[in-house]
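See below for the structure under consideration.
Numbering (my numbering), first residue to last: 1334 to 2055.
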């Protein structure tokens, strides 16, 4: 037999193609066999032979055997656990004997034949086994190697959905724009072929479905509700074609704003009573619930979200309208399932939703509650008869309309999942979990770790990260990418859930080392070439090189921030040594160099490092009694964003809309009222805005406000480079 190398045996090479023994029961879909054959053929240069049934006798080629639990029992192997996705996997290097005779199979006359045996209760479970086997295989040129292994797998969470967050990279909350943001991150511009590959990736990462979202922000981007819903419907159809479930998460009480204007929408009852009993309010909700119900025949579940955002103030109104949404959607699809999330709700939620008449609902907890609150909530849900799920948000990354960035949260995710399991599993287990992919593509690595930990939260998260990058780039090139991902995790998330979620870590304790690591990674990735003959284990919607190109600006932001921290330390040391204000001003001005957005997906606060940099400059200047340095490039960014915000407020109004200073300096711009007032006064001198009163301004050219946006962006473009 082939020589054992590093505890692994050869499962095929260009001269010894493995054989697949198809022992699937009649009527099963053959997709697992086809998927395995495609991967083996891609690695080895020619497809393996597929034999339809197992026969005893001499074998010389390595074997992959796929079948039902009965097949496992037939060859004295333990069957898989119960469950539709459960499976058994055995990598054998010794002879295997029939349970009914002493006949040895998987062996030649002289030696065993290396064999991988995969058994499951269903075609879907067998596909999970095939994906596991593919992840275990190591490609070296035109050879495949595998280590001895035995696994009986059953997912921790039964339903696991990948949330396709619906923000887009160039237009944040319909207020701020980054026209240089890389459009390749926008999955809603994917072709049908890309969407098929994207959905294949969802499946390969270990998820059972996707969660789509409908909200007024997207209606603005697509021009109409119908246009956007047609797109969602096509995605849902492709997901079902792949065997994935589809949930539709809707803003159930927010039908305007975020760039979408509907002057007919009414949320507040004229009488001051319940909104759900006011005819005008009800007409507004029925209008959009009818549009939501158009998607009901093409999805499997509707999830209602009522608060933040949401214009209803009373829980009883929200639940009354949830009943209306259920009624309208169930009329279009009687098999539809329903869920409601617990975002911004109190401890009385369980009994209140039961009293409101909701039945057979899945109730989604947020993933960030502390243990005591989760235990009490889970207890109440169990007593009220509701199933428990988790709506994962901000776990793999920050939401892309806020602190958008590239994150690697492998360690923090495992800690979070274990904490949630410990907090309530004994009271009522979780049956559903969604995890967000907000900054599409750049955070696929964290999403892969999430998908695998939802199967088994005890797996090594760093080993999973390595498994992901090696699956895409191969072992040698993957090691280069892994170094970059480890730096991003160290600098932006840290080793624990607290360093990511509570402390909001940016940079390690050694900024000089951060800068050096970032520079090394940037150089290595710029020259990274594909590994010869490597065949990716994952069906990517873009070329692997695109993932590198999307990663590089984040590494540069980390590098620039590390250099700033080093210079800021010099300024602090000088202050401690008694340097005068003139010298301190020179040092802080030298330290505060721009950290551009580059082509990244930015949120309302801009790049994370740029935001933190500015906060630290402000703190230093305040502590030393220094004025904030004036930076033309920063003032141009502020100006552009202030004007964009005014333009958005003006949209679809027939008269000038005053914008107060308090309104303008909100949303994470890091501007004080005084600085905002100074910028607006400068714009007034330029004739771009007009003062309405001492605390508010209107656009001078309010009837042609898009020109104002171009004015701001033009200023920004002229000063965007350091």
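Don't be surprised by glycine CBs; every beta carbon is placed ideally from N, CA and C.
According to DSSP, residues forming a beta bridge with residue 1680: Beta-bridge partners assigned by DSSP to residue 1680: none are found.
Cutoff 8 Å; reference residue 1468; Cβ partners in own chain excluding five residues on either side: The residues are 1800, 1804, 1870.
Simplified DSSP state of residue 1401, which is helix, strand or coil: In the three-state reduction of the DSSP assignment, residue 1401 falls in the coil class.
When 1932, 1958, 1962 are compared against residue 1946, the one with the closest alpha-carbon: Ranked by Cα distance from residue 1946, the first of 1932, 1958, 1962 is 1962.
Beta-carbon proximity list for residue 1954, same chain, < 6 Å, skipping 5 on both sides: If we look at residue 1954 and ignore the five residues flanking it on each side, its Cβ neighbours are 1961.
For residue 1867, the three-state DSSP class (helix, strand or coil): The answer is coil: DSSP assigns residue 1867 none of H, G, I, E or B.
As assigned by DSSP and simplified to three states, the class of residue 1348: Coil at residue 1348, not helix or strand.
Whole-number beta carbon distance between residue 1420 and residue 1459, since they are thought to touch under 8 Å: Contact between residue 1459 and residue 1420 holds, with the beta-carbon distance rounding to 6 Å and staying under 8 Å.
Burial state of residue 1854, where buried means 16 or more other Cβ atoms lie within 10 Å: Burial call: buried.
Contacting residues, own chain, Cβ-Cβ under 6 Å from residue 1313 (five flanking each side not counted): In this structure the chain extends from 1334 to 2055, so residue 1313 is not present and cannot be described.
Alpha carbon of residue 1967 to alpha carbon of residue 1910, nearest angstrom: Approximately 30 Å between the Cα atoms of the pair.
Under the three-state DSSP convention, the category residue 1340 falls into: If DSSP states are grouped into helix, strand and coil, residue 1340 belongs with coil.
Close Cβ partners of residue 1641 (< 7 Å) along its chain, the five nearest in sequence each way excluded: Excluding five sequence positions before and after residue 1641, the CB atoms of its chain that fall closer than 7 Å to its own CB belong to 1676, 1677, given in chain order.
Span of the alpha helix (DSSP H) around residue 1310: Past the edges of the chain, shown from 1334 to 2055, lies residue 1310, and the structure says nothing about it.
Neighbour-count burial assignment, residue 2054, 16 or more Cβ in a 10 Å radius: Annotation note: pLDDT 38 at residue 2054 (below 50); position unreliable, no value reported.
With 16 other Cβ atoms within 10 Å as the buried cut-off, status of residue 1646: So residue 1646 counts as exposed.
Inter-residue Cα distance where the pair is residue 1351 and residue 1502: Going by the C-alpha atoms only, they are around 45 Å apart.
Per-residue DSSP class, three states only, for residue 1769: Secondary structure at residue 1769: strand, using DSSP grouped into helix, strand and coil.
Under the three-state DSSP convention, the category residue 1472 falls into: Residue 1472 carries a strand assignment under DSSP once its states are collapsed to helix, strand and coil.
Euclidean distance between Cα positions of residue 1342 and residue 1392: Taking the straight line from one Cα to the other gives about 16 Å.
Length of the line joining the Cα atoms of residue 1713 and residue 1785: Going by the C-alpha atoms only, they are around 29 Å apart.
Environment of residue 1978 [buried if 16+ CB atoms lie within 10 Å]: Residue 1978 should be labelled buried.
Ranges of the beta strand (DSSP E) found wholly within the segment 1643-1730, counting only runs of at least 3: The qualifying runs are 1670-1674, 1694-1699, 1720-1724.
Assigned exposure category for residue 1346 - 16 Cβ within 10 Å defines buried: Counting Cβ neighbours within 10 Å, residue 1346 comes out buried, since at least 16 surround it.
is_contact[residue 1456, chain B] using C-beta, thresh 8 Å: Looking for chain B here will not work: only one protein chain is present.
Inter-residue Cα distance where the pair is residue 1537 and residue 1878: The straight-line gap from Cα to Cα measures roughly 20 Å.
Euclidean distance between Cα positions of residue 1353 and residue 1423: If you take the alpha carbons of residue 1353 and residue 1423, they lie about 15 Å apart.
Cα-Cα separation between residue 1885 and residue 1689, rounded to whole angstroms: Whole-angstrom Cα-Cα distance: 51 Å.
Boundaries of the beta strand (DSSP E) in which residue 1495 is found, first to last residue: Its beta strand (DSSP E) spans residues 1492-1497.
Contact belief for residue 2058 with residue 1566 at Cβ below 8 Å, rounded distance in angstroms: Because the chain in this structure spans residues 1334 to 2055, residue 2058 falls outside the shown range and cannot be described.
Residue 1727 versus 2006, 1694, 1644, 1776, residue with shortest Cα-Cα distance: Distances from the CA of residue 1727 to each of 2006, 1694, 1644, 1776 were compared; the closest alpha carbon is that of 1776.
For residue 1544: DSSP bridge partner residues: Note: residue 1544 sits in a beta bridge opposite 1496, 1580.
Residue from 1716, 1595, 1843 with nearest C-alpha to residue 1760: Comparing Cα positions, the closest option is 1716.
Burial state of residue 1914 (16 or more Cβ within 10 Å): Here residue 1914 is exposed, its C-beta having fewer than 16 other C-beta atoms within 10 Å.
Bridge-paired residues (DSSP) for residue 1638: In the DSSP output, where bridge partners are listed per residue, residue 1638 has 1584.
Best match in 1984, 2021, 2019, 2022 for proximity to residue 1596 [C-alpha to C-alpha]: It is 1984.
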